[in-house]
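Following UniProt numbering, the numbering of the sequence shown begins with 1 at its first residue and continues without gaps. C-beta: ideal position from N, C-alpha, C; glycine also. The structure displayed is predicted, hence computed values, not measured ones.
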Amino acid sequence: MLTSKNYNHTSRSKTNSILLLFPLFLIVTILPLLVSMHSYSTGLSQYNWYPDYDLSTDFFLYYKQWFFVFISSLCVLILIIKSIINKEEIKFHKIFIPLVIYATLALISTIASPYRSFGFSGIYEQFENIFCLLGYVLIVYYAFCIIQSEYELKLIINALAIGALILGCIGALQAFGFDFFNTTFGKSMIVEKNVDPNSLKFAFEKYRTYATLYNPNYVGVYTSMIIPLYTVLLFYTKLGYEYVLYIIVIVLNLISMFGSQSKSGIISILCSILVAILLMRKKIIKKWFITLPVMVCACLAFIVLNHFQNNAYINAIKNAFKISSSVSPALTEISTEKDHIKVIYNNNTLIVKLDNMKLYFYDDSDNIIPIKEVDNSDSTLVFDDNRFINISPVLVDDEFIDFGLIIEGKPWYFKYDDTTKQFLYYNQYGRFSPISTAPSSVFTGHENFASYRGYIWSRTIPILSDYIILGSGADTFAFVFPQYDYVNSRNYGFENTLITKPHSLYLQTAVQTGFISLIALLVFYCWYFIQSIKLYFNNLYNTKSSVYGMVIFISSISFMISAISNDSSITVSPVYWCCIGTGLAANMMVKKTNKY
């Protein structure tokens with residue numbers, strides 16, 4: 001039987017509890033749902049790996065970022081009032097030491113970064129600036145300090161359920177082909193006043209869930225936290241309205257997850273369920289009438305959604321995590337040098353030189369590669385050498401471009417730049433830039449791993465050695481990733497994609513705030529993990545605080561596993577950090593109970 005305990009040293013009214021928890025309510029309910037158009041200048045046109053215009057539009061990230069910064073500021077104000085005006089002692093626990101180290105390194109990294117302006121403002125397609133990173137740490141501490149009773153734990157859990165209910169409803173409708181934001185009314189609610197709603201078109205395909213979280217991958221991360229949390233809570237809920245609420249939340253978020261086609265989401269849920277089975281092994285058998293329906297609902301949701309998406313989910317799971325080597329592309333390198341261009345094709349080296357608008361071709365042994373006599377009018381040449389049969393040089397009569405190489409039917413154009421005294425490549429953004437092959441590691445030859453995350457990871461890992469103590473700064477990954485690796489970005493499907501994130505929270509942290517900050521973050525979570533295992537492995541769960549603490553712990557495992565293949569995002573991370581702070585508060589309550 002569940003018992004309720006109050007851990008306040010002084011009695012706190014329900015009104016005061018609600019007021020103090022109000023910032024946390026905003027995080028778990030309102031913040032993920034914010035969608036509004038914001039036109040802005042990216043500030044990136046100064047870089048030749050970005051188009052020569054700055055204007056862009058955001059709907060899902062910008063206002064979430066600054067709303068979260070506002071909430072964080074509100075939390076600081078409340079803590080100051082409690083400490084200075086109310087003379088209340090602000091508690092501190094040594095578990096926060098790693099978080100303080102992380103926050104300090106994140107701040108110093110951003111201040112010291114040559115791209116600090118983006119670290120303070122947030123960047124295109126990310127908008128998770130340094131104030132957000134510091135805010136995450138603050139929210140954990142705020143929740144830990146403020147939450148003092150099981151009643152307050154319950155308020156947070158139910159507020160999160162309300163937010164998940166609304167978001168799940170939006171996502172489930174999208175999964176069945178009805179996108180609220182693709183209706184005239186929905187568009188009119190989110191566009192700026194001077195914009196015609198009918199001109200708005202989202203790039204997401206029909207039946208694909210993105211909800212209000214910007215990217216289907218983030219739907220997978222969010223639902224992977226929500227589904228285990230409320231599924232486990234069903235085993236301990238006595239109140240009818242809560243039971244109904246949690247079931248609806250689970251079903252809607254299951255549909256949303258399947259609609260997002262997130263492979264990492266389902267893997268994270270399975271891992272967290274294994275931990276849940278371990279922690280509540282006796283309860284699961286006893287409550288088989290809950291376990292069985294949940295499993296049936298999950299299977300039905302999977303079957304129905306997979307049918308709507310033409311077997312997309314099963315096919316995606318089959319293909320995403322294949323460890324087999326990628327098919328090696330024939331073209332593996334193009335590099336622009338001062339007096340020549342080097343091409344490696346099928347392990348054969350082609351050297352191209354330009355002199356007085358005449359092209360000369362050599363191999364790596366400095367042998368001249370002959371050209372066939374071709375009668376054509378487009379200045380295209382053909383090599384009389386079987387090694388380069390699929391490469392056709394072409395002279396271009398253009399004031400901007402000197403010549404091109406047609407490789408396997410795809411054009412690569414170049415010019416000699418008198419300013420930089422080297423050859424430059426005319427890239428997909430209509431800009432001239434150097435082109436080179438980036439160093440790769442670990443996932444070399446496995447670039448197709450995890451939906452081609454292997455390519456990004458293999459090119460990110462080599463740059464980690466540059467960021468051991470300090471990172472590149474918040475929201476600056478795009479500036480340090482080798483954007484000039486045009487050959488491999490084309491080979492692995494990123495030709496028209498600006499890579500602004502590493503698709504892994506752990507790599508993202510190591511690069512942007514430094515490897516030591518990543519260690520600090522992992523030490524903090526491992527501390528919380530070990531603390532929770534000790535508290536809940538043999539727990540009888542006869543208090544509400546132990547139940548709430550356990551379900552939040554299970555939910556956190558899902559997030560940390562999803563984070564292997566997903567970045568931190570302002571759409572989901574605030575909810576996670578709020579839950580961690582709530583979980584720590586619950587753990588402290590359970591510890592106090594165990595003393596008596």
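- Annotated as distal: Y425 and I401, with beta-carbon spacing of 7 Å or more.
- Under a 10 Å Cβ-count criterion, L381 is classified as buried, with 16 or more other Cβ atoms of the shown protein chains found around its own Cβ.
- Measuring C-alpha to C-alpha distances from V232 to each of K282, Y362 and F92 identifies K282 as the nearest.
- Between A172 and I226, the CB-CB gap reaches or exceeds 7 Å.
- Annotation for Q174: the continuous alpha helix (DSSP H) segment containing it runs E150 to A175.
- The Cβ atoms of T223 and M189 do not sit closer than 7 Å to each other.
- Burial check for Q46: the Cβ neighbour count within 10 Å stays below 16, so the residue is exposed.
- Assignment of S465 by DSSP, reduced to helix, strand and coil, places it in the helix class.
- Within the stretch 223-267, the runs of alpha helix (DSSP H) at least 4 residues long that lie entirely inside it are, in chain order, 240-260.
- Pairing Y115 with F481, the inter-Cα distance amounts to about 13 Å.
- The closest CA to that of A203, considering only K353, V195 and P216, is found on P216.
- Annotation: the continuous beta strand (DSSP E) that includes G404 extends over F403 to I407.
- Of the residues V442, A478 and V275, the one whose Cα lies closest to the Cα of L229 is V275.
- When the alpha-carbon of V35 is set against those of L133, I18 and F181, the nearest one is in F181.
- Between the alpha carbons of I273 and M560 lies a distance of about 14 Å.
- The Cβ neighbour count for N566, taken over all protein chains shown within 10 Å, is at least 16; the residue is labelled buried.
- Sixteen is the threshold: when 16 or more other Cβ atoms of the shown chains lie within 10 Å of the Cβ of L505, as they do, the residue is buried.
- Going by beta carbons, T104 and I130 fall outside the 7 Å limit.
- Annotated three-state conformation of Y360 is strand, per DSSP.
- Counting C-beta atoms within 10 angstroms of its own C-beta, K238 has fewer than 16 neighbours from the protein chains shown and is therefore classed as exposed.
- Of D355, N347, A450 and I371, the smallest CA-CA separation from D364 is found for N347.
- L61 is positioned such that its CB atom lies no closer than 7 Å to that of I499.
- In this structure, the beta-carbon distance from T336 to F423 falls below 7 Å.
- With a contact defined as Cβ atoms closer than 8 Å, C578 and V28 qualify at about 6 Å.
- The stretch 488-499 makes no contact with the stretch 469-476, as fewer than three CB pairs between them are under 8 Å.
- Straight through space, the alpha carbons of Q508 and I564 are spaced by roughly 10 Å.
- Non-local C-beta neighbours of P98 in its own chain, meaning closer than 6 Å and more than five positions away in sequence, comprise A520, V523 and F524, ordered along the chain.
- If you look at V523, you'll find it isn't in any beta strand (DSSP E); it sits in the alpha helix (DSSP H) that goes F515 to Y536.
- In the DSSP annotation of this structure, the continuous segment of the beta strand (DSSP E) that includes Y413 starts and ends at K410 to D417.
- Residue environment analysis places I407 among the buried positions, since at least 16 neighbouring C-beta atoms fall within 10 angstroms of its C-beta.
- Within the same chain, and ignoring the five residues on either side of F479 in sequence, the residues whose Cβ sits closer than 6 Å to its Cβ are Y115.
- The beta carbon of P439 sits closer than 7 Å to those of P462, all from its chain and outside the five residues before and after it, given in chain order.
- Taking a cut-off of 8 Å for Cβ pairs, the stretch 133-142 and the stretch 578-591 touch, as three or more such pairs fall below it.
- Remark: C-beta atoms of P574 and F127 do not approach each other more closely than 7 Å.
- Under the DSSP assignment, I368 falls outside any alpha helix (DSSP H); it carries neither an H nor an E label.
- The Cβ-Cβ distance between G177 and K206 falls below 7 Å.
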